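Data block below; observations after.
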Amino acid sequence: MKWLVGLLMVCSCLFSDIIAVASDGDSLSSNISSKASRCDFYIFLDQNGNIVEILKNTHKDIKGGASSQLVKMLKKKDISRFVASSLGDKLIDSLDSNNIKYTIHQGDINSIKR
Numbered sequence: 012m013k014w015l016v017g018l019l020m021v022c023s024c025l026f027s028d029i030i031a032v033a034s035d036g037d038s039l040s041s042n043i044s045s046k047a048s049r050c051d052f053y054i055f056l057d058q059n060g061n062i063v064e065i066l067k068n069t070h071k072d073i074k075g076g077a078s079s080q081l082v083k084m085l086k087k088k089d090i091s092r093f094v095a096s097s098l099g100d101k102l103i104d105s106l107d108s109n110n111i112k113y114t115i116h117q118g119d120i121n122s123i124k125r
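Every position in the sequence shown, counted from 1, becomes a number in my numbering once 11 is added.
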């Protein structure tokens, strides 16, 4: 089943330039974070699964509005797909209303490429 999810991720990436992944660390071996808006890093991958950028999450400790800051950043970077291992209802609504697709995927970031 994991290979199917990975295959779907690769296929979906062919139609978008860059995907953003909520990450617990700053490498491809890091786990995909369950704290989408409050993760430690965002890792941006091209359609081949190569790292384009690693961005430290500067909004993870704000008292409120972390989800809106995340969506604002995704829109600014023209990201069309976001990956995290868990998403809250507010974030899902915000992603939907901004036409940003999302995928819930558990494991490390390398597993997305497979």
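A virtual CB, placed ideally from N, CA and C, is assigned to each residue, including glycine. In this text the structure is predicted, and so the values were computed from the model without any measurement.
- Non-local beta-carbon contacts of residue 85 in its own chain, meaning distances under 7 Å to residues more than five positions away in sequence, involve 31, 93, 111 in chain order.
- With a beta-carbon spacing of about 18 Å, residue 60 and residue 115 fall beyond the 8 Å limit used to define contacts.
- For residue 82, DSSP assigns no beta-bridge partner whatsoever.
- Taking each of 54, 74, 96 in turn and checking the Cα distance to residue 39, the smallest one comes out for 54.
- Under the three-state reduction of DSSP, residue 77 is assigned to helix.
- Beta bridge pairing from DSSP links residue 92 with 30, 112.
- Here the alpha carbons of residue 82 and residue 90 stand approximately 9 Å from one another.
- About 6 Å separates the beta carbons of residue 68 and residue 52, which is inside the 8 Å limit, making them a contact pair.
- According to the DSSP assignment, residue 120 belongs to no beta strand (DSSP E), since it is labelled neither H nor E.
- In this structure residue 78 is not in contact with residue 46, their Cβ atoms being roughly 11 Å apart against a cut-off of 8 Å.
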